[in-house]
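In the working numbering, the protein residues as written are -2 to 181.
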Amino acid sequence: MEELDLILESVKQDMEAAIKHLDHAFQKIRAGRASTAMVQDVMVEYYGAPTPINQVANVSVPDAMTISIQPWDKTAINAIEKAIINSNLGFAPSNNGENIILNVPPLTEERRRELAKQAKAETEQTKIVVRNARQDGLKELKKLEGVSEDVVKGVEEEIQTLTDKYVKLCDEHLKVKDAEIMKV
-2 MEELDLILES VKQDMEAAIK HLDHAFQKIR AGRASTAMVQ DVMVEYYGAP TPINQVANVS
58 VPDAMTISIQ PWDKTAINAI EKAIINSNLG FAPSNNGENI ILNVPPLTEE RRRELAKQAK
118 AETEQTKIVV RNARQDGLKE LKKLEGVSED VVKGVEEEIQ TLTDKYVKLC DEHLKVKDAE
178 IMKV
């Protein structure tokens, strides 16, 4: 029975990780207003090593349409600017010598639709990961020996219930993100 609990717990952890990944991916999809999450994955070449932007500068959002990046080391300002340009985020950084300002342009209807498609694609990928976790769990279940068919059936049903729950959760997250993107 302990092995069955381990299989169930493993499947649940994989599905939860998929939802966390979806949430992280959704943070990167901007929805009309500035957020520090938009630049969190930008890597700056700092003393020869790629370093996350939040480890070389203070990233803040002074208002809904602006991201302010204030480097702790003033010599890094050009490297940060270059990293932002190379990251293909679509921002044109302006540098005043002390900090970098990113103006977040308002979204057009066409861009909103593209972002909604991107969110839907992320959701579909997450659903695939959830279903793969189900498949892995079922395969592990089949490998077990000396367990009655009734118990196996019961665990299979629990795994399917988990799968349905997490697929529904994906759809709910998409619905919320979609509303956020399309809101003008």
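Ideal placement from N, C-alpha and C gives every residue a C-beta, glycine not left out.
With a Cβ-Cβ cutoff of 8 Å, do residue i and residue j count as a contact?
i    : j    : result
A31  : V58  : yes
K124 : V164 : yes
Q67  : N96  : yes
V39  : A73  : no
A116 : K174 : yes
L135 : E0   : no
L5   : V126 : no
Can you tell me the Cα-Cα spacing of residue i and residue j, whole angstroms?
i    : j    : result
A51  : L99  : The question names Ala, but residue 51 in the sequence shown is Asn. Whole-angstrom Cα-Cα distance: 15 Å.
E78  : P90  : 6 Å
E155 : D11  : 15 Å
T187 : K150 : Because the chain spans -2 through 181 in this model, residue 187 falls outside it and cannot be assessed.
N85  : D133 : 36 Å
L19  : D147 : 35 Å
V53  : V36  : 13 Å
Please classify residue i: does DSSP put it in a helix, a strand, or coil?
i   : result
V36 : coil
L86 : coil
V41 : strand
A73 : helix
Using the DSSP secondary-structure output, state which residues sit across from residue i in a beta bridge.
i   : result
N92 : I97
N55 : Q67
Compare the C-beta of residue i against all C-beta atoms of chain B and say whether one is closer than 8 Å.
i    : result
T120 : Absent from the structure: chain B. Only one protein chain is present.
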